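Visitor: Using my numbering, the final residue of the sequence shown is 274, and nothing's skipped along the way. Each residue gets a CB set at the ideal place from its N, CA and C atoms; glycine is no exception. These figures come from a predicted structure and were not determined experimentally.
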Amino acid sequence: MHEIHDLLRGHRSIRKFTDEQLSDETVADIVRTGLTAATSSNLQATTVVRVRNPETLGRIAEIAGGQKQIITAPVFLVWCADLHRTRMACEMAGGSMTSGMTEQFVIATVDVALAAQNAVVAAEAEGLGICYIGAVRNDPQTVSELLELPDDVYPVFGLCIGHPDQNPEVKPRLPIEVVLKEETYDDSGDPDRIAAYDEEMRQYYRSRTGGNKESSWSEEMAGLVDGERRPHMKQFLADRGFELR
Ligand SMILES: Cc1cc2nc3c(=O)[nH]c(=O)nc-3n(C[C@H](O)[C@H](O)[C@H](O)COP(=O)(O)O)c2cc1C
């Protein structure tokens with residue numbers, strides 16, 4: 030197997046960073062590599078806003094529920110799905126963009142995720158650590174205002190990057206049989222496999238927290254999807270030009 034497999038399988042989110050700074054060129058290189066990801070119809074719907082202003086970082090950390098890594102990471106990037114630039118190009122070519130289509134929202138969001146993950150791999154290959162911050166969507170309106178995002182642009186997630194100051198265990202993933210199916214979606218064996226994974230995750234949490242966290246994957250998922258989560262997103266997206274029709 031190519032050594033990239035080892036790099037990818039060694040991924041774990043890093044939430045504590047050393048003070049060592051990254052040069053602007055390193056950050057630009059990481060983003061540049063990110064942008065080489067495949068992009069739907071060459072749409073290139075990714076815009077990355079680097080935030081350095083301590084006040085803005087503080088506000089975003091507050092919005093994210095006090096996640097300190099947003100302030101302490103040497104680099105904090107907000108990855109945005111951007112159809113504003115698409116509109117600009119369309120108008121430059123004499124066209125007019127039909128906005129609000131769910132399909133456009135999907136492809137723009139997928140574009141951002143692919144580019145960001147490419148950037149993450151590039152950063153990790155340099156020995157850096159990363160942490161995605163989906164919690165910018167706790168209050169995407171305020172984040173959009175802080176970053177002066179125009180209509181047709183929305184913040185998908187933040188990304189902390191820096192030199193790791195911790196070495197957490199790699200978090201186990203679901204068994205391959207649960208994820209990789211043959212021909213059709215057959216989930217008949219999955220309850221047993223998930224139960225085995227739950228036990229593995231229970232051990233992982235125990236070991237990572239010195240016995241302070243007692244949970245399994247199923248319990249985590251129950252907490253995640255039982256109830257409405259960020260119900261403001263639909264209206265927020267509509268207000269930004271992503272009407273989802
Ligand atoms: C889109 C996205 C948003 C995330 N948001 C947060 C976040 O706000 N805060 C955080 O600490 N981790 C966040 N994470 C990290 C996940 O919790 C983490 O990737 C997952 O638990 C698996 O752990 P690992 O990355 O260490 O393998 C996010 C990950 C993704 C992909």
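1. With respect to 8 Å, is the separation between the Cβ of SER42 and the closest non-hydrogen atom of ligand 1 below this value?
2. Taking the continuous beta strand (DSSP E) assigned at PRO184, which residues delimit it?
3. Taking the continuous alpha helix (DSSP H) assigned at TYR214, which residues delimit it?
4. Exposed or buried, what is ASN82 when buried is set at 16 or more other beta-carbons lying within 10 Å of its beta-carbon?
5. Would you be able to state if there are at least three C-beta pairs under 8 Å between the segment 169-188 and the segment 34-42?
6. So, at 6 Å on beta carbons, what are the nonlocal neighbours of CYS109 in its own chain, with the 5 sequence-adjacent residues on each side left out?
7. Identify, in the order they occur along the chain, each residue of the same chain with its Cβ nearer than 6 Å to the Cβ of CYS189, setting aside the five sequence neighbours on each side.
8. Regarding GLY191 and ligand 1, is the C-beta to nearest heavy atom distance less than 8 Å?
9. For the beta strand (DSSP E) containing ARG259, name the first residue and the last one.
10. Just how far apart, CA to CA, sit SER245 and ARG222?
11. Classify ALA67: buried if its beta carbon has 16 or more other beta carbons within 10 angstroms, exposed otherwise.
12. Secondary structure at ALA122, three-state DSSP: helix, strand or coil?
13. If you compare alpha carbons, which of GLY158, ALA164 and THR127 is closest to ASP48?
14. With a threshold of 16 other CB atoms inside 10 Å of the CB of VAL199, please say whether the residue is buried or exposed.
15. Could you compute how far the alpha carbon of ASP219 sits from the alpha carbon of ALA225?
16. Pull up the distance between the alpha-carbon of GLY63 and that of GLN73, whole angstroms please.
17. At a threshold of 8 Å, does TYR161 count as lining ligand 1 (C-beta to nearest heavy atom)?
18. Just to confirm the assignment: which complete alpha helix (DSSP H) runs, minimum length 4, are found wholly within the segment 70-131?
19. Our contact map puts ILE92 next to VAL207 with C-beta atoms below 8 Å; I'd like the distance itself, whole angstroms only.
20. With respect to 8 Å, is the separation between the Cβ of ALA251 and the closest non-hydrogen atom of ligand 1 below this value?
21. Would the C-beta of ALA93 count as close to ligand 1, meaning under 8 Å from any of its heavy atoms?
22. Can you tell me whether DSSP reads GLY270 as helix, strand or coil?
Guide: Inspection of the coordinates gives the following:
1. yes
2. 182-191
3. Unbroken run through TYR214: none, as it is neither H nor E.
4. exposed
5. no
6. THR76, VAL182 and PRO184
7. GLN98, ALA102, PHE105 and CYS160
8. no
9. ARG259 -> no beta strand (DSSP E), and no H or E assigned at all.
10. 13 Å
11. exposed
12. coil
13. GLY158
14. exposed
15. 10 Å
16. 11 Å
17. yes
18. 83-92, 98-101 and 113-121
19. So it is not a contact: roughly 34 Å between Cβ atoms.
20. no
21. yes
22. coil
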